[in-house]
Amino acid sequence: MRFALTDDQLALRDAVREVLADTCPPAVVRSSWTGGPVDGVAAALIELGVPGMAVPEKNGGLGLSDVDLVPVLIEVGYAAVPLPVAETAAVAAPLFAAAAWPGLEAPGVLAGDTWVAVRRADGPVPWAGRASLVLDLTGPAAVVRPVTGTDVSTVDGSRAARLLDDAPGEVVTDDPDLVALVRDRADLATAAQLLGLGRRMLDLTVDHVTTRTQFGVPVGSFQAVKHHLADALLQLEFAEPLVYAAAWATATATATATGTRERDVSAAVVTAVDAARFVARRAIQCHGAIGYTVEYDLHLYAKRAWALAATCDLDAHLTRLARALNLEVQ
């Protein structure tokens, strides 16, 4: 069996990487913290068909699987795209198609007219300030619109969080198996983005330590710094195959047979969160004082990583892993 990415998957990943490098540099992410425009990023992603990647071809999408989505979502994380790309493309759009929702929003998603925020818990909803509707997954999957409420400041200002007004949601599906699958896809999408963010923070740090000199030599030549960066890379390299394994389990799961999906998704989330947090700590340490400043770009990616990690219920994932391994405390 061949585990490497296919040529088509690599081509799609590279296309997304190139587009985001042009349309979503750090300046755009920084501007989004104060409501700056992201139209160029949105248009480029729509042109590539990203919002409808996981929508079946019969519904007008690209018909790609969760495995195909992971390389794209890693690039979305790497660029810290200030749009709910993962929530729309990997979570909401395939659900709307799978549930055959009478108010199907997939055409609007495909056209780029609809960006979807996802509510996973009570409190402010990330991306609600940039979304056309909110997919509420705290119970039966339901759509909340209009997206009205109070804008809230969070650790990552680019995610435009909003505390929604109380409003009844329009149920998309109350099928518990389908809702569970969608929640796992949301966690998978988060894990993939955390890998990308870790890679970006590591790249920034490598660039810094190879140009910053001390005692007449690059900081990166010091053995302690080399060890920090090697450990950070190891964390990411260890987490990445688990994320792809979770994507495979999610892609091959059915509504009635989860197989190893729950175990694999939880393993991916736990390792990706640990890796991103570890890389953020090491990146800030290797940068020295500049790593703590908002003027330097590192904080854009570290804060996105911290914000995404905070949305993962690690206790729940660790409990699922313990159950799968028969390690639960009686």
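Following this note's numbering, the numbering of the sequence shown begins with -16 at its first residue and continues without gaps. Idealized CB from N, CA, C, for every residue including glycine.
*For Val262, which of Ala285, Tyr275 and Val277 has the nearest alpha-carbon?*
Ala285
*If you draw a straight line from the C-alpha of Leu281 to the C-alpha of Arg182, how long is it?*
12 Å
*Looking at the unbroken beta strand (DSSP E) that takes in Asp134, where does it start and where does it end?*
Gly132 to Asp134
*Which class does Thr243 belong to by DSSP, given the choice of helix, strand or coil?*
coil
*From which residue to which residue does the beta strand (DSSP E) around Asp119 run?*
Leu116 to Asp119
*Considering only residues of the same chain and omitting the five flanking positions on each side of Val165, which have a CB-CB separation below 7 Å?*
Val74, Leu78, Leu120 and Ala124
*Note down, in chain order, each residue of its chain lying with its Cβ closer than 7 Å to the Cβ of Ala104, except the 5 sequence neighbours on either side.*
Thr121
*With C-beta atoms as the reference, is Pro34 less than 8 Å away from Ala83?*
no
*asked:* I'd like the span of the beta strand (DSSP E) that includes Ala100, first residue to last.
replied: Val99 to Arg102
*Would you check if there are 3 or more beta carbon pairs closer than 8 Å linking the region 91 to 103 to the region 50 to 58?*
no
*Under the three-state reduction of DSSP, which class applies to Ala63: helix, strand or coil?*
coil
*Are there 16 or more other CB atoms within 10 angstroms of the CB of Glu70, so buried, or fewer, so exposed?*
buried
*CA-to-CA distance, Leu118 to Thr(-11), given in whole angstroms*: 32 Å
*Throw me the rounded Cβ distance for the Thr233 and Arg244 pair, which I believe falls under 8 Å.*
6 Å
*Using the rule of at least 16 other Cβ atoms within 10 Å of the residue's Cβ for burial, across every protein chain shown, is Thr239 buried or exposed?*
Model confidence at Thr239 stands at a pLDDT of 46, short of 50, so the residue's coordinates are unreliable; what they give is reported in the following sentence. So Thr239 ends up on the exposed side.
*asked:* I'd like the list of long-range same chain contacts for Asp139, defined as Cβ closer than 7 Å, with 5 residues on each side in sequence excluded.
replied: Lys286, Arg287 and Ala290
_For Val155 and Thr294, the rounded distance between their alpha carbons_ = 23 Å
*Report the rounded CA-to-CA distance for Val50 versus Glu40, giving the unit in angstroms.*
17 Å
*In this structure, does DSSP put Ala238 in helix, strand or coil?*
Interpretation of Ala238 is limited by its pLDDT of 45, a score under 50 that renders its predicted location unreliable; the figure taken from the coordinates is listed afterwards. Looking at Ala238 - three-state DSSP - the assignment turns out to be coil, as it is neither helix nor strand.
*What are the partner residues of Ala124, as DSSP defines its beta bridges?*
Thr156
*May I ask you to report which of helix, strand or coil DSSP gives Val21?*
coil
*Contact belief for Ala229 with Leu304 at Cβ below 8 Å, rounded distance in angstroms*: Contact flag wrong, Cβ pair sits at about 12 Å.
*What is the DSSP secondary structure of Pro109, reduced to helix, strand or coil?*
coil
*Which runs of the alpha helix (DSSP H) fall wholly inside the region -9 to 45 and span at least 4 residues, in chain order?*
9 to 15 and 22 to 30
*Nearest candidate by alpha-carbon position, reference Asp186, set Ile267, Asn42 and Glu153*: Ile267
*asked:* Within 10 Å of its beta-carbon, does Arg306 have 16 or more other beta-carbons around it, so buried, or fewer, so exposed?
replied: exposed
_Exposed unless 16 or more other CB atoms sit within 10 angstroms - verdict on Asp134_ = exposed
*Taking Arg145 as part of the alpha helix (DSSP H), name the residues at either end of that continuous run.*
From DSSP, Arg145 is part of no alpha helix (DSSP H) but of the beta strand (DSSP E) over Arg145 to Leu147.
*Unbroken alpha helix (DSSP H) run spanning Arg306, endpoints*: Leu297 to Ala307
*Quick one, are the C-beta atoms of Val192 and Val200 less than 8 Å apart?*
no
*Where does Val55 fall in DSSP's three states?*
helix
*Within the same chain, show all residues whose beta-carbon is closer than 8 Å to that of Val208, passing over the 5 residues directly before and after it, in chain order.*
Val192, Val202 and Cys269
*Who pairs with Thr196 in a beta bridge, going by DSSP?*
Pro201
*With a 10 Å radius around its C-beta and 16 neighbouring C-beta atoms as the bar for buried, classify Pro151 as buried or exposed.*
exposed
*Of all the options Asp158, Thr188, Ser141 and Gly106, which has the alpha carbon lying nearest to the alpha carbon of Asp148?*
Gly106
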